[in-house]
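In what follows, a structure is listed as structure tokens, so that the remarks can point back to it.
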Amino acid sequence: MEKSHIRKILYFIFLITLISSPVAAQDLQLAEEYFVQGKYEKAKDIYDKLARNSSNWRSIHQSYLLTLINLKDYKTAEDFLKKQIKNDPNNLPYKIDYGVILEMQTKIKEAEKEFDNAISIAKKDKEKTLTTHANFERYDKYEWSEKLFLEARRHEGVSDKYALQLGDIYAKMGKKMLMIEEYVKLYNKDEDYAEHVKGMLQDEIRLDEEMDKLEQYLLGVVQETPNHTAGNELLLWLYMQQKNFSKAFLQAKAIDKRFKKQGSQLFDIGRIAFENSDYPATEKILGYFVEQYPNSELYYIPARRYLIRSKEEVIKNVYPIDKGKVKTIIKDYQDLVNSQGKSRAVEAIKDMALLYAFYLDDKDKALSLLNEAIEEAKYNLKFTALCKIALGDIYVLMGDYGEASLLYYQAEKAQKDSPIAYEAKLKNAKLSYYKGDFELAQTHLDILKNATSREISNDAIDLSVFVQDNVGMDSTETAMKEYAKIDLLIFQNKTDEALMGLDKMLKTYSGHSLTDNIYWTKAGIYIKMGKPEKAVEMYELILKDYKFDILSDDAHFNLAKTYEERLNNKEKAMNLYQEHLTQYPGSVYVAEARKRFRLLRGDKLK
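For the sequence shown, the numbering used here begins at 46 and goes up steadily by one.
So this is what it looks like as structure tokens:
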């Protein structure tokens, strides 16, 4: 027997009862010590003596049996078990142990007879069925547990009986389709097991072909049992795991109609689609929601806002930015405020302010709107803190860094130890960085490295490492200060000045450790200026001169994206994505590169 099996059984050996005398107790303790130490011969000598008294059998059963197995003394084990079974003929665990000992002696037919006998008795009683399964499982005899539960199910005449146990057994046996069938039965029978079912499916169904089979099976379940939710709910869950929000929408819509969910699930899927940057799906899902549930007290306003934000994100990612389209988005926000009232749609006022500031260069209008929003929602401390962060950003645009820092500080203190507080502190850290005060920036960043928000923590670590690496190369910090000023110019949308500054740095600090960062930053500016060909040149310079540096995989992936999204060269993009998978196997972009490659190749979207 494998050591892992022995360890599993060891958990039971110290549950010792019915000791016949103090002397027996001492002997048993000594035998157990020898057993644990692997001194099986010495343990056997004591167990042999204890086994002469039937009152000790139950206490020594497990450890004595394992001792004999380790010594391969199957004859003694067989004789011991025969005596136990004769003394207690209804003890099913003894029968299974006896079958296992027979099997170890290659007495397969006799072993199977014992197992079948145990099943024939156990199947008539639920408690015995579960106990017998536990004993089969101790020896990893899942095929016998399977037979046990199927016979018990037939005996009771209930088609979904023991679905939980069978599902778990099939998972251990690797019988994926049978596992799925049992879990669907379980879900249909009792929705309280929904999380267990989803958790097991998530653990066991990983390969694309397995997901395909799961999808096809569930589609069949939906057609065959239209009055049950399991098929739809699990399909919805599957599509959400795959981030296929359009397909998830179809299932959610069916569930919503059939079971009158009042759109709450639809709203959640639309919101998650937005958070995952699937803007076409967001517009489809929330467009439907807004049309179907115009009277939803909880979700109508946020749904309309997410709809507008989705359109906004699309516009903001097409370069150069079309200011006419930005004004259209502002009008949509204003219509929402007008129709729902300032107090109910106050977040839309903040959204408008940021568009005025960053895309229409109307900072006075932006400040006015934000102050209006703060006044309108002055008792909503979380929202007003977010508005203060937005105000701080606008003051950075205007060059009033003292006022910006104060606003960030106020937001942080108003929402201590929250994601908003961490965001505000990160803004202050970046402001110190922009100003070239790297020591103060590091003080903020060191605190933020342990922030509970992973995104904030990662941003803090990235900036901290970047500053340390490049300041350490230059004791005067001159180059780093110039680069930080250029980062500020980019934040302020002063792209022409930023480009001039970067070009100047390339000449002044030729070969500096910042060179690959300068190329990277220039590429980002060129993308925003609608000059993708120039961005390609920068990415290629990084790949040529800094192939083994930290920005290499970023440059390679973004080069592929640029060919796909900006230059419409799908074949070149596909080749680059495929190349990315082999050249950068540890890259954070691997999953996205694989997905984009397969889509461009024409594979079915998972």
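Glycine included, C-beta positions come from ideal geometry on N, C-alpha and C.
The structure presented is a predicted model; accordingly, all values stated were derived computationally and were not measured.
Counted within 10 angstroms of its Cβ, other Cβ atoms place PHE304 as buried (16 or more) or exposed: Flag for PHE304 reads exposed.
Quick check: the Cα distance between LYS243 and GLY212, rounded to an integer number of angstroms? 12 Å
To the nearest angstrom, how far is it from the Cα of ASN136 to the Cα of ASN233? ASN136 and ASN233 have their alpha carbons spaced roughly 35 Å apart.
Mapping DSSP to helix, strand and coil, what is GLY315? helix
Assuming ILE353 and ILE374 are in contact, meaning their beta carbons sit under 8 Å apart, how far apart are those beta carbons, in whole angstroms? Going by Cβ atoms, the distance from ILE353 to ILE374 rounds to 6 Å, so yes, they are a contact pair.
Assigned secondary structure, LYS217 (DSSP; H/G/I helix, E/B strand, else coil): helix
Below 8 Å on the Cβ atoms is my contact criterion, and I expect ALA605 with LEU621 to pass it. Report the Cβ-Cβ distance as a whole number of Å. That pair is a contact at about 4 Å.
Check whether the region 315 to 335 and the region 366 to 373 touch, using three or more Cβ-Cβ pairs below 8 Å as the test. no
Using a Cβ-Cβ cutoff of less than 7 Å, which residues in the same chain neighbour LYS329 once the five nearest sequence positions on both sides are dropped? SER291 and PHE294
So, for GLN210: in the same chain, excluding its five sequence neighbours on each side, which residues have a beta-carbon less than 6 Å away from its beta-carbon? PHE194
Throw me the rounded Cβ distance for the PHE428 and ALA422 pair, which I believe falls under 8 Å. 5 Å
For PRO654, the three-state DSSP class (helix, strand or coil): Since the first residue of the chain shown is 46 and the last is 651, residue 654 is not available in this structure.
Between the region 141 to 153 and the region 110 to 124, can you find at least three pairs of beta-carbon atoms closer than 8 Å? yes
Taking only the alpha-carbon atoms, compute the straight-line gap between LEU534 and LEU586 and give it to the nearest angstrom. 23 Å
Return helix, strand or coil for ASP590, following the three-state DSSP convention. helix
How many angstroms separate the CA atom of LYS615 from the CA atom of TYR608? 7 Å
Hey, how far is the Cα of LEU692 from the Cα of ALA398? Any answer about residue 692 is impossible in this case: the structure gives the chain only from 46 up to 651.
TYR634 by DSSP, collapsed to three states: which one? Residue state, collapsed to three classes: coil.
Count the other C-beta atoms from every protein chain shown that fall within 10 angstroms of the C-beta of MET583, then say buried if there are 16 or more, exposed otherwise. buried
Assign LEU281 to one of two classes, buried (16 or more other C-beta atoms within 10 Å of its C-beta) or exposed (fewer than that). Here LEU281 is buried. Its C-beta has 16 or more other C-beta atoms within 10 Å.
Classify ALA208 as buried or exposed, calling it buried when 16 or more other Cβ atoms lie within 10 Å of its own Cβ. Around the beta carbon of ALA208, 16 or more other beta carbons sit within 10 angstroms, so the residue counts as buried.
For the pair the region 260 to 273 and the region 219 to 235, tell me if three or more CB-CB distances fall below 8 Å. yes
How would you write the range of the alpha helix (DSSP H) that ILE166 sits in, first residue to last? 153 to 167
Classify HIS273 as helix, strand or coil using the three-state DSSP reduction. coil
With three or more C-beta pairs closer than 8 Å as the rule, is the region 462 to 481 touching the region 521 to 532? yes
Rounding to the nearest angstrom, what Cα-Cα distance links ALA348 and TYR440 in this structure? Looking at the backbone, the Cα of ALA348 and that of TYR440 are separated by about 30 Å.
Could you please give the first and the last residue of the uninterrupted alpha helix (DSSP H) stretch that includes SER413? 408 to 421
Which of the three DSSP states, helix, strand or coil, is assigned to GLN455? helix
Please return the same chain residues whose Cβ sits closer than 6 Å to the Cβ of MET224, not counting the five positions on each side in sequence. GLY212, TYR215 and ALA216
Rounded C-alpha distance that separates LYS158 from ASN101: LYS158 and ASN101 have their C-alpha atoms roughly 28 Å apart.
Within 10 angstroms of its Cβ, does LEU311 collect 16 or more other Cβ (buried), or is it exposed? buried
MET574 (DSSP reduced to helix, strand or coil): coil
Does DSSP put GLY625 in a helix, a strand or coil? Note on residue identity: the sequence assigns His, not Gly, to residue 625. Three-state result, HIS625: helix.
Could you check which residue in ASP90, ALA600 and LEU645 has the C-alpha nearest to that of ALA618? Closest option to ALA618, Cα to Cα, is LEU645.
Measure from the alpha carbon of LEU547 to the alpha carbon of each residue in GLY386, LYS475 and ASN562, then state which is nearest. ASN562
Could you pull out every residue in the same chain whose Cβ sits closer than 6 Å to the Cβ of LEU113, ignoring the five residues on either side in sequence? THR121 and ALA122
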